[in-house]
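Residue numbers (our numbering): 89 to 419.
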């Protein structure tokens, strides 16, 4: 089928030059594979005020700061906002083209009533006929089981107090490495330099290994590509999340899609607890105890949970048709 229609994504999450968080991964996948019958453009907005920074087409920047007239001349079939903050540009775009918004919860104080043809959300406390409940999504062409030697424990994410890596690394050598010989691999980038300095004290490249170069901790090269992360997931005995809360947890779903047992200790608000419960090990509605204790317990009891079949409902292949139908019905 010939691609003729154009569509625009708008977000402050920037997948260029590297994906550095779950939202940026979603933006990248939505551009590349979620809407195969549309020619996708991406407008990067400035975090905070959502002023326009750069328009991209297939990963290539187009000109300088775009104005609303530059965008409207493209005659986009629809605009999809990943998050939203109202300003002159976003209000004009949403008002002049059929527009949709993806948010973590509905209703959301940042979303004006009546502005969008439809809203996508991870969770909702109110129902609406133009609301589609949809989780984060992963590329099932990259993340799937091809299990190898289970030689490491894997933690993925930005180094920040919200992710709670310090609790994980502080006693990891004594509690896990010396007992089971499995090194912890921290994969991600630095979002809080002071917090990273605390975490880095425990990185010895033996018991705790990091993708971050301490000589250049803010380098984008600290992050790993989707295929590299999938390979690590397939080599991991466990994926571990120390975060006290997650709006969804895309890194966990990607690991689960690879058949990796996931150990968690927080509040996963983007899931129905009874639905998620059988497919992870640990606590999913509130943090309890220490994450290292859960890792040790999972290894001691030889816990193995393959959630790859369950995770498929969050794959791009599973979501693509539902999402496209929801949007097309409202154009």
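All residues carry an ideal CB built from backbone N, CA and C; glycine is no exception.
Note that the coordinates shown come from a computational prediction; the quantities given were computed from them, not determined experimentally.
Could you give the residue range of the beta strand (DSSP E) that holds residue 370? 369 to 371
Residue burial classification, residue 252 (beta-carbon count within 10 angstroms, cutoff 16): buried
Give a yes or no on whether the C-beta atoms belonging to residue 195 and residue 396 are separated by under 8 angstroms. no
What does DSSP give as the partner residues of residue 247 in its beta bridges? 278
Indicate the three-state DSSP secondary structure (helix, strand or coil) for residue 355 in the structure shown. strand
Going by Cα to Cα distance, which pick from 157, 294 and 250 is closest to residue 284? 250
For the alpha helix (DSSP H) that residue 198 lies in, which residues bound it at each end? No alpha helix (DSSP H) holds residue 198; DSSP gives it neither H nor E.
Mind checking whether residue 294 and residue 271 have CB atoms under 8 angstroms apart? yes
Count the other CB atoms, across all protein chains shown, that sit within 10 Å of the CB of residue 163; report buried if there are 16 or more and exposed otherwise. exposed
Just checking my contact of residue 404 with residue 225 at CB under 8 angstroms: how many whole Å lie between their CB atoms? 5 angstroms
Element boundaries [alpha helix (DSSP H), containing residue 379]: 379 to 388
Reduced DSSP secondary structure (H/G/I, E/B, other) of residue 193: strand
Rounded to a whole number of angstroms, what is the C-alpha to C-alpha distance between residue 365 and residue 161? 48 angstroms
Report the rounded CA-to-CA distance for residue 302 versus residue 204, giving the unit in angstroms. 45 angstroms
Would you kindly work out how many angstroms separate the C-alpha atoms of residue 351 and residue 273, rounded to a whole number? 14 angstroms
Simplified DSSP state of residue 57, which is helix, strand or coil: Lying outside 89 to 419, the shown extent of the chain, residue 57 is not represented and no answer is given.
Suppose contacts are defined by Cβ-Cβ distances below 8 angstroms. Is residue 275 in contact with residue 244 by that definition? yes
DSSP beta-bridge partners of residue 271: Residue 271 is not bridged to any residue.
In the DSSP assignment, what residue or residues form a beta bridge with residue 206? 188
In whole angstroms, give me the CA-to-CA distance for residue 362 and residue 223. 16 angstroms
Look at the alpha carbon of residue 206 and the alpha carbon of residue 190, and state the distance between them as a whole number of angstroms. 9 angstroms
Measuring CB to CB, does residue 165 end up less than 8 angstroms from residue 120? no
Apart from the five residues on each side of it in sequence, which residues of its chain come closer than 8 angstroms, Cβ to Cβ, to residue 199? 172, 189, 191 and 207
In chain order, which continuous runs of the alpha helix (DSSP H) of length 4 or greater are located wholly inside the region 295 to 328? 314 to 323
Just the C-alpha distance for residue 299 and residue 310, rounded to the nearest angstrom, thanks. 5 angstroms
Report yes or no: do three or more beta-carbon pairs, one from the region 101 to 121 and one from the region 150 to 161, lie closer than 8 angstroms? no
Assuming residue 349 and residue 392 form a contact by the criterion Cβ under 8 angstroms, report the distance between their Cβ atoms to the nearest whole angstrom. 5 angstroms
In this structure, does DSSP put residue 284 in helix, strand or coil? helix
I need the straight-line Cα distance from residue 174 to residue 136, nearest angstrom please. 11 angstroms
By the 10 Å Cβ neighbour count, where 16 or more other Cβ atoms means buried, how is residue 342 classified, buried or exposed? buried
Report the rounded CA-to-CA distance for residue 331 versus residue 92, giving the unit in angstroms. 43 angstroms
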